[in-house]
Structure formats: structure tokens, C-alpha cells
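Participant:
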Amino acid sequence: MQFIWDSDTLMMPSRPLSDLTWLRVGGPADRLFLPRSEAELAAGLAALEATVPVFPLGMGSNLIVRDGGIRGMVVKLGRGFNHVEIDGEFVTAGAAALDSQVARRAAAAGVDLTFLRTIPGAIGGAVRMNAGCYGRYVADYLVSVRAITREGDPATLSASDLAFGYRHSTLPDGWVLVEATFRAPAGLDPEVLEKAMEDQIARRDATQPTRDRTAGSTFRNPSGASSTGRADDVHDLKAWRLIEAAGMKGARLGGAQMSPKHANFLVNTGDANAADLEALGELVRKRVFETSGIALEWEIMRVGDPAD
Numbered sequence: 001m002q003f004i005w006d007s008d009t010l011m012m013p014s015r016p017l018s019d020l021t022w023l024r025v026g027g028p029a030d031r032l033f034l035p036r037s038e039a040e041l042a043a044g045l046a047a048l049e050a051t052v053p054v055f056p057l058g059m060g061s062n063l064i065v066r067d068g069g070i071r072g073m074v075v076k077l078g079r080g081f082n083h084v085e086i087d088g089e090f091v092t093a094g095a096a097a098l099d100s101q102v103a104r105r106a107a108a109a110g111v112d113l114t115f116l117r118t119i120p121g122a123i124g125g126a127v128r129m130n131a132g133c134y135g136r137y138v139a140d141y142l143v144s145v146r147a148i149t150r151e152g153d154p155a156t157l158s159a160s161d162l163a164f165g166y167r168h169s170t171l172p173d174g175w176v177l178v179e180a181t182f183r184a185p186a187g188l189d190p191e192v193l194e195k196a197m198e199d200q201i202a203r204r205d206a207t208q209p210t211r212d213r214t215a216g217s218t219f220r221n222p223s224g225a226s227s228t229g230r231a232d233d234v235h236d237l238k239a240w241r242l243i244e245a246a247g248m249k250g251a252r253l254g255g256a257q258m259s260p261k262h263a264n265f266l267v268n269t270g271d272a273n274a275a276d277l278e279a280l281g282e283l284v285r286k287r288v289f290e291t292s293g294i295a296l297e298w299e300i301m302r303v304g305d306p307a308d
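Using the UniProt record's numbering, the first residue of the sequence shown is number 1, and each one after it goes up by one.
(1) Output the distance between the C-alpha atoms of residue 280 and residue 90, rounded to the nearest integer angstrom.
(2) Does the Cβ of residue 92 have 16 or more other Cβ atoms within 10 Å, making it buried, or fewer, making it exposed?
(3) Please classify residue 312: is it buried, with 16 or more other beta-carbons within 10 angstroms of its beta-carbon, or exposed?
(4) Looking only at its chain, what residues have a beta carbon closer than 7 Å to the beta carbon of residue 80, apart from the 5 residues adjacent to it on each side?
(5) Counting only the same chain and skipping the five closest in sequence on each side, list residues whose C-beta sits under 6 Å from that of residue 106.
(6) What's the call for residue 203, buried or exposed, on a 16-neighbour Cβ count within 10 Å?
(7) Using 10 angstroms around the beta-carbon of residue 179, count the other beta-carbons present and answer buried if the total reaches 16, otherwise exposed.
(8) Within the continuous alpha helix (DSSP H) that includes residue 280, where are the two ends?
(9) Between which two residues does the alpha helix (DSSP H) containing residue 119 stretch?
(10) For a quick check, are the C-beta atoms of residue 141 and residue 182 less than 9 Å apart?
(11) Please state if the CB of residue 218 and the CB of residue 266 are separated by a distance shorter than 9 Å.
(12) Per the DSSP calculation, residue 252 is bridged to which residue(s)?
(13) Report all residues from its chain with a CB closer than 6 Å to the CB of residue 17; omit the five preceding and five following residues, and keep chain order.
(14) Pull up the distance between the alpha-carbon of residue 305 and that of residue 55, whole angstroms please.
(15) Out of 104, 95, 220 and 295, which has the shortest C-alpha to C-alpha gap to residue 59?
(16) Taking all protein chains shown into account, do 16 or more other C-beta atoms lie within 10 angstroms of the C-beta of residue 288, making it buried, or fewer, making it exposed?
(17) Any idea which residues DSSP pairs residue 182 with across the strands?
(18) So residue 86 and residue 99 are in contact, right, with Cβ under 8 Å, and what is the actual spacing, rounded?
(19) Hey, how far is the Cα of residue 256 from the Cα of residue 276?
(20) Rounded to the nearest angstrom, what separates residue 139 and residue 103 at their Cα positions?
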């Protein structure tokens, strides 16, 4: 197909990204590409100069875009990639489908992917970071994914090809996930699954600052280093405990704050920029290391350039 770079329905130059992330911070992308179909995505990647980096952007729910913005092309998938299809115990979802939407659609069909209900963001990001909660992870259920390579070619990868680890998977630079297929227990009572999700939401809302502007857990739990990704759920060593012990719960820097409700949530109180958020996070890491000797690792992805 012919690809037209100057169509404003597909590609926007110097597009600010702050309104596309949950923390509402960040500078512009050199180019923001909004493909409406896999064909447009493939054509756009194939036409792009080989030296231009590609960054797939999902819901921006676990992301800090620095104030100087992102060099290269940011790809954001839209409605053409949010389908959900269920066939027995198999659930196939587009990369832009919300995790919560997939969980609810599956539950209505008697398929148990309820762990996705409280995970913010979309399926593409959930696969990339092996998202999980309450002892269940994407790696436990993923069968395969489809992607478009940096060169614009279709590719299919099995779950084992992604080499899942704790909050991690492997995917070549510039590849864009477009679809994922899961296999989960089926034939269950939809009402029981719906009740389980309601309980999860209540538990989350009671312990996390869900009404604040955050990006989910800021730092990885130090024990979460196993290849299964489960160690963090059974070990007592939690990032929030270390942050509290270091006296950093509720700490503020500019418009950034470590949540008074949950110490491992970084909050934009209203006027923070990316530099405030990242600097506060680094200060927390410094204080935790001074008090415990443990170096916390960021779970929030930080991308782009600082402001000049």
C-alpha cells in the first residue's frame, strides 16, 4: 500500500506526550504515529528511515516521559487494535485492549483471567512487562503474540520466545506487539469470577492511591528476581517497607510526592514535571540504600531526554 507520511490522521510531528501518560508529564515525540490497522502499521515501519528509533506507547500507565521528549517515532495503537475474541479456553486480544476489559470479557464467558482486572494499562504493555498481581502473571497464561517488526514484517512469537522474567520480557527493539493469545481455565461461573474481581478492586482501592495521578508501583520488590516472576509475592521484603523505614513515605520534591497511602507510589500532586518525579525517585533510592544497603530498581519505565 502507498504510505503518506504527511497525513495528519497518521503521523504528527513534535507531538507533546504529557496527555498520553497517566502521570501527565513529558515533552514531545519527534513523530507520533497513529496507525489504524496492521497494514498501516506495517507500511509505516517499512517506510521509516532505518536510523530512526521506534518506541511503542501503550496507555502510558507505567511510564515517565522526560521533559525533553522522545527522539524518533512513537507508535500508539488505536481502536483497530482493541479487539477481544474468546474461543473456549483461549482468549485473543489486541495490544490496545485494556487489561480490565479483557478480564471482564473473559469472565463473562467463564474464562478466568481475573488477575488482569486491576492491572492498569493495555495488553501490549502487560505482555512486555510480564504484568501480574496476587501471585498470577502474564507468563502463566500467555500462549503466543503477533508483532510487526521494525522492518514492517509480521512475526509470531511463542511465550517461551519472550523469555519472561520478573517484570520483564524480551522483544527486539522497534518491534510493535499487535495481538496476544492467552489460555486460561474455562467453564467457570461468570458470577463467581465477577465477584472475585470486585473483591480485588476493593482490596486495591483500600491500599493504593487509585484516585491520585500515579504510574503504579514505582520500584520493584527486591526479592523479585526469579525467572517465574513469583518471588515478590511470597517474600516479606517489599519496596514499600524499605521506603517507609527510610522515612520517605509522603516525601515531596516540587510537585512530586511519595504517596502517604502507599509508600511505593510516586504521585504527581498537580504541578510536577518529569524532572521532579525522577529526582524524587532517585532520592528515595539513595535514602533506602543508606538505611538498608539495598539498591531499589525502578519499575516505572523512564524514557526520553531531559529538558535543556
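Glycine included, each C-beta is placed from N, C-alpha and C at the ideal position.
Facilitator: Let's see:
(1) 42 Å
(2) buried
(3) With the chain represented from 1 up to 308, any question about residue 312 goes unanswered, as that position is not in the structure.
(4) Within the same chain, Cβ atoms closer than 7 Å to the Cβ of residue 80 are found at 36 and 37, the five residues on either side in sequence being excluded.
(5) 91 and 113.
(6) exposed
(7) buried
(8) 274-292
(9) First-last for residue 119: undefined, no H or E at that position.
(10) yes
(11) yes
(12) The partner list for residue 252 (beta bridge, DSSP) reads 257.
(13) 26, 29 and 65
(14) 13 Å
(15) 95
(16) buried
(17) 91 and 142
(18) Contact between residue 86 and residue 99 does not hold, since their C-beta atoms are separated by about 15 Å, which reaches or exceeds 8 Å.
(19) 6 Å
(20) 16 Å
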